[in-house]
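Residue numbers for the sequence shown, in the working numbering: 2 to 142. Using N, Cα and C, we set each Cβ at its ideal position, and we do this for glycine too. Here the structure comes first, spelled out in structure tokens, and everything after it is commentary.
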Amino acid sequence: RVGINARCDEESHTIKVMIGEQTYTCEEDGQMMEVPGTEGRVKFECPRLADMCPDLICPANCAGHGICDYSMPNPECRCFDENDITPGCYKSFTTMGPQVGWDEFITANGSSSNKLTWSLFSNKLLHGVIIFVSIYFIGLT
């Protein structure tokens, strides 16, 4: 029996396949590798880098804050924010603080009972929740 292992090599953007004591470097997707000393009887096909090592090619699909440039030998993200040089455009994220706390919403609508405090991070979520809570509290009266 021979053990077969594979690992992603971030530095060279390749897959290293270890068969026994021998290491093979997959330079491209689908590359056929022949194991020496087997007279061509033992071969293997290199897996796709994107499948085996998804973090090496446009991690998290550029987090929705950039596009993957496949024209390069090693595809990478081109972030919409030119100052963001992170591999997956992670620096481009912005977080919004709470727009309105539940205490303020409930007090503004004439009720001081059933106070809840929640943090909301987007206006879309805030509007949807306010409509839901308004209907819910109307049903309680």
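(request) Spatial neighbours of lysine 17 within its chain, please: CB distance less than 7 angstroms, with the 5 preceding and 5 following residues excluded, ordered by chain position. (result) Taking lysine 17 as the centre and dropping the five residues before and after it, the same chain places the C-beta of Ala7, Arg8, Asp10, Thr24, Thr26 closer than 7 angstroms to its C-beta, in chain order.
(message) Since proline 88 and proline 55 should fall inside the 8 angstroms C-beta cutoff, what is the C-beta to C-beta distance between them, to a whole number of angstroms?
(response) The distance from the Cβ of proline 88 to that of proline 55 is about 12 angstroms, inconsistent with a contact at the 8 angstroms cut-off.
(message) Please return the same chain residues whose Cβ sits closer than 6 angstroms to the Cβ of glycine 144, not counting the five positions on each side in sequence.
(response) An answer regarding residue 144 cannot be provided, because it is not within the stretch 2 to 142 covered by the chain.
(request) Starting from the C-beta of serine 13, find all residues in its chain whose C-beta is less than 8 angstroms away, skip the five residues before and the five after it, and write them out in chain order. (result) Residues Thr26 of the same chain have their beta carbon placed closer than 8 angstroms to that of serine 13, with the five preceding and five following residues left out of the count.
(request) Might you give, ordered along the chain, the residues of its own chain that have their beta carbon closer than 7 angstroms to the beta carbon of aspartate 70, omitting 5 neighbours on each side? (result) Cβ neighbours of aspartate 70 within its own chain (closer than 7 angstroms, five residues either side excluded): Pro76, Glu77, Arg79.
(request) Would you mind stating whether aspartate 1 and arginine 49 have Cβ atoms separated by less than 8 angstroms? (result) Nothing in the structure corresponds to residue 1, since the chain is present only between 2 and 142.
(request) Could you pull out every unbroken alpha helix (DSSP H) segment of at least 4 residues lying fully inside the segment 36-104, listed in chain order? (result) For the alpha helix (DSSP H) assignment, the uninterrupted runs of no fewer than 4 residues enclosed by the segment 36-104 are, from N- to C-terminal side, 50-53.
(request) Please report the residue range of the beta strand (DSSP E) in which aspartate 10 lies. (result) Per DSSP, aspartate 10 belongs to the beta strand (DSSP E) from 5-10.
(request) Could you check what DSSP says for glutamine 169 in three-state terms: helix, strand or coil? (result) Given that the chain is displayed from residue 2 to residue 142, the structure contains no residue 169 and the question cannot be resolved.
(message) Here's the rule: buried if 16 or more other CB atoms are within 10 angstroms of the residue's CB, otherwise exposed. What is isoleucine 58?
(response) Counting the other Cβ atoms within 10 Å of the Cβ of isoleucine 58 gives 16 or more, which makes it buried.
(message) Rounded to whole angstroms, what is the Cα-Cα separation between glutamine 32 and aspartate 52?
(response) Rounded to whole angstroms, glutamine 32 to aspartate 52 spans 14 angstroms at the Cα level.
(message) At the level of alpha carbons, what is the spacing between glutamate 83 and lysine 44?
(response) Take the alpha-carbon of glutamate 83 and the one of lysine 44: they are about 44 angstroms apart.
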